[in-house]
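K.L.:
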Amino acid sequence: MDSSAQDAMAQTKSSSSGNGPSSIFIHETAWIDQPSRIGDGTKIWHFSHVLPRTSIGRNCTLGQNVMVGPDVSVGDNCKIQNNVSLYSGVTLEDGVFCGPSCVFTNVDRPRAEINRKDEFRPTLVRCGATIGANATIVCGTTLGRYCFVAAGAVVTQDVPAHALVAGVPAKQIGWVSHAGERLGADFTCPREGRRYQLTEDGCLKEILGQDQPDVAET
Ligand SMILES: CC(C)(COP(=O)(O)OP(=O)(O)OC[C@H]1O[C@@H](n2cnc3c(N)ncnc32)[C@H](O)[C@@H]1OP(=O)(O)O)[C@@H](O)C(=O)NCCC(=O)NCCS
């Protein structure tokens, strides 16, 4: 999210009608703590709670019963489905999809009797990634650009860009395109025709046209 995305202080319930200069929509049952920033075009639905020092980009959707913050950054164009909590330590880049009831953790060995607020481990979800319904993302991991976490998976280690991972613990079962389509042996997206190749170091890269470099960081 660039600085221009941080274009509006969080709207209070009374100024969230969408009729003003900002088109932010905040349902009357949602609660927005200050200070926080919410980008233009973002919608926040029933019973959701944004905690202090949270930054949410433009054109995001927070479904019902979503909790974000404190000190969390969410990029532009993210979709966060019902019943998702983004705790301190979680960062979402642009275009991230969080499926319903997916879970992020932020402490490795929680104990009710020990305060571990200084032991949060960060989780980074990179641009375009999808997290399926009910998946759990154990803290300290990075989910690569445009990766895809299957429904119900438990992610315990970093996920490469464009990897499709599934199961408990999550293992890679394939590759997906920018459009989220499973790639076959020809590494061509059946939906968009974009072509990819595996590099020597095992990363998936898109093959670009003649006027562009051979491969690009996806
Ligand atoms: C992973 C997913 C994308 C399917 O990918 P796919 O390439 O079409 O996979 P297929 O359905 O062809 O199944 C391939 C294999 O993966 C398994 N598989 C599929 N989804 C799985 C999952 N969520 N967890 C574990 N294994 C799964 C299948 O059982 C199959 O196994 P097999 O080869 O032993 O028979 C899909 O199942 C999924 O989880 N989507 C996320 C949906 C979601 O959470 N949406 C949220 C908004 S509603």
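108 is the number of the first residue of the sequence shown in our numbering; add one for each residue after it. Don't be surprised by glycine CBs; every beta carbon is placed ideally from N, CA and C.
(1) Ligand 1 and F255: does the residue's C-beta get closer than 7 Å to at least one heavy atom of that ligand?
(2) For S155, which residues of its own chain have a beta-carbon under 6 Å away from its beta-carbon, when the five flanking residues on both sides are left out?
(3) Alpha carbon to alpha carbon, how far is T212 from D293? Give it in angstroms, no decimals.
(4) Taking the beta strand (DSSP E) that W282 falls in, what are its first and last residues?
(5) Once you ignore the five residues that flank I187 on each side, which residues in its own chain have a CB closer than 6 Å to its CB?
(6) Please list the terminal residues of the continuous beta strand (DSSP E) segment that includes I145.
(7) Looking at the structure shown, is E200 part of a helix, part of a strand, or coil, going by DSSP?
(8) State yes or no: is the C-beta of R233 within less than 8 Å of the C-beta of R252?
(9) Determine the contact status of V333 and L193, defining contact as a CB-CB distance below 8 Å.
(10) Could you check which residue in S162, H153, I131 has the C-alpha nearest to that of D147?
(11) Using three-state DSSP, classify E226 as helix, strand or coil.
(12) I'd like to confirm something about I280: is its beta-carbon nearer than 7 Å to some heavy atom of ligand 1, or not?
(13) Would you give the residue range spanned by the beta strand (DSSP E) that A270 belongs to?
(14) Can you find the residues in the same chain that come closer than 6 Å, C-beta to C-beta, to I280, ignoring five residues on each side of it along the sequence?
(15) First and last residue of the beta strand (DSSP E) that includes L305?
P.N.:
Reading from the atomic positions:
(1) yes
(2) In the same chain as S155, and ignoring 5 residues on each side of it, the C-beta atoms closer than 6 Å to its own belong to A137, L169, V173, in chain order.
(3) 37 Å
(4) 278-282
(5) L169, V173, C205
(6) Looking at the DSSP string, the run of the beta strand (DSSP E) that includes I145 is 143-145.
(7) Of the three classes helix, strand and coil, the one that applies to E200 here is coil, per DSSP.
(8) Yes.
(9) The displayed coordinates of the chain run from 108 to 325. Any statement about residue 333 would go beyond what the structure contains.
(10) I131
(11) Of the three classes helix, strand and coil, the one that applies to E226 here is helix, per DSSP.
(12) yes
(13) 270-273
(14) L271, A273
(15) 302-305
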